Ligand code: FES
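Residue numbers (my numbering), protein chains in the order written: chain A, 41 to 248; chain B, 81 to 296.
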């Protein structure tokens, strides 16, 4: 599989000192923002016993595992083991990192050695991330105006107005997620309800 | 003093304990052997609550058996701000979420009882209904965020938030993940950070708000 940037969430859903689950092409990630705002994406398995680090919590510039409290610093290295407080953890206890950048209000992930920048989504504002039980093909079938494969775009009639809608697709273990953006100045509630309606139509196509 | 017939692992009982704690109301607690004793289904308990459900609240001659009614009672007594704004739309929305909390109990709540206490029933349907309810909650909270709102109704937390919170926060116990619901997750964090918030098994105060464990 060619490495590429995948959208895994919206900046607005990851405030400072919060961790959330992310995903890059078969890899579960813990995506987190430190107290000072530093954004990171790590393999979502604690090196100790494999607990999901996305279930953990941020303390300052570190991410702590919820299970036995091992603490990982900005470089992914284990900094503290509560059961052995006097021990300096060996450097080999390190969580694998992914490349993680935010651009246009979207959080993008890729393998650590990824070159280049994510696609630019200018003149848009982030709206919301929404999960679906169908695939991209069903979404495209439900709304013929949408064009694209990973980044679906259309100008759709919502109420009186034509509105720009952009849906960035992400495949994950639980199905499809669409990270939705809309035109600057758009009626966010109206576009959000349109996206809900699109989801119903796309999922119904599959059920039928 | 108000007396609460209580079970520590019950989401509905916790709802009342949490509301009372946030309001600073002290209650007498009587632990009922819900599991495995099924004391809530005993003939003796039926005198208090013929429906055999928990929690039950007794204050003088008044017996309440619906948790949403208990929330209203506690808020009226000790913190009317928690009833939400008084305009017609807001009042209706608070009632909406109180009723909606019943759907959360009937879906996410039943999935959890199935997984934790071995209740019999269709776990697939309960989880599906749980996700359907979470989608509605996510949509509503997302629209609130567009307007700068952080709570289900109004500018401050209300009984609407407390009614819906426990079964959502415990959804993982029933095999329903909140990964797909960012606005719901941020809302549960806000509740877990409230002053005077109390915990139950499976629901914790934001860990980052507790002091770091001491290095020996
Ligand atoms: S599994 Fe993470 S600290 Fe033990």
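Note that beta-carbon positions come from the ideal geometry of N, C-alpha and C, so glycine has one too. Keep in mind the model is a prediction, meaning the values are calculated, not measured.
According to the neighbour-count rule (16 or more other Cβ atoms, all chains shown, within 10 Å of its Cβ), is residue 168 of chain A buried or exposed?
buried
Shorter than 8 Å from the beta carbon of residue 253 of chain B to some beta carbon of chain A?
Among the residues facing chain A, residue 253 of chain B is not included, as its CB has no counterpart in that chain under 8 Å away.
Cα-Cα separation between residue 195 of chain B and residue 282 of chain B, rounded to whole angstroms:
14 Å
Could you tell me if residue 87 of chain A is buried or exposed, where buried requires 16 or more neighbouring beta carbons within 10 angstroms of its beta carbon?
buried
Examine chain B for any beta-carbon lying closer than 8 Å to the beta-carbon of residue 123 of chain A, and answer yes or no.
no
Check whether chain A comes within 8 Å of residue 281 of chain B, counting only Cβ atoms and requiring the distance to be less than that.
no
How many whole angstroms separate the CB atoms of residue 177 of chain B and residue 233 of chain B, which I take to be in contact at a CB cut-off of 8 Å?
7 Å
Selected residue, minimal CA-CA separation from residue 255 of chain B, among B:267, B:188, B:238:
Scanning B:267, B:188, B:238 for the CA closest to the CA of residue 255 of chain B turns up B:188.
Note down, in chain order, every chain B residue with its Cβ under 9 Å from the Cβ of residue 214 of chain A.
257, 259, 260
Among A:180, A:225, A:183, A:219, whose alpha-carbon lies nearest the alpha-carbon of residue 201 of chain A?
Checking every option, the nearest Cα to that of residue 201 of chain A belongs to A:225.
If we count the other Cβ atoms within 10 Å of its Cβ and call it buried at 16 or more, is residue 207 of chain B buried or exposed?
buried
Mapping the DSSP letters down to three states, classify residue 56 of chain A as helix, strand or coil.
coil
Quick check on the DSSP output: the alpha helix (DSSP H) that includes residue 262 of chain B runs from which residue to which?
Residue 262 of chain B -> alpha helix (DSSP H) spans 262-272.
Which one or two residues does DSSP pair with residue 133 of chain A in a beta bridge?
Bridge partners of residue 133 of chain A: none, in fact.
Does any CB atom of chain A fall closer than 8 Å to the CB of residue 226 of chain B?
The beta-carbon of residue 226 of chain B is placed less than 8 Å from the nearest beta-carbon of chain A.
Under a CB-based cut-off of 8 Å, is residue 168 of chain A close to chain B?
Taking Cβ atoms only, chain B reaches closer than 8 Å to residue 168 of chain A, which makes this a yes.
C-alpha gap between residue 112 of chain A and residue 171 of chain B, whole angstroms
46 Å
Residue interval of the alpha helix (DSSP H) (run including residue 99 of chain B):
91-103
Given the structure, does residue 108 of chain A come close to the ligand FES, in the sense that its CB is under 7 Å from one of the ligand's heavy atoms?
At least one heavy atom of the ligand FES is found less than 7 Å from the C-beta of residue 108 of chain A.
Can you give the Cα-Cα distance for residue 221 of chain B and residue 50 of chain A, rounded to whole angstroms?
Cα to Cα, the separation comes out at about 16 Å.
What span of residues does the alpha helix (DSSP H) with residue 39 of chain B cover, start to end?
Summary: the structure shown does not reach residue 39 of chain B, with chain B confined to residues 81 through 296, and so no result is reported for it.
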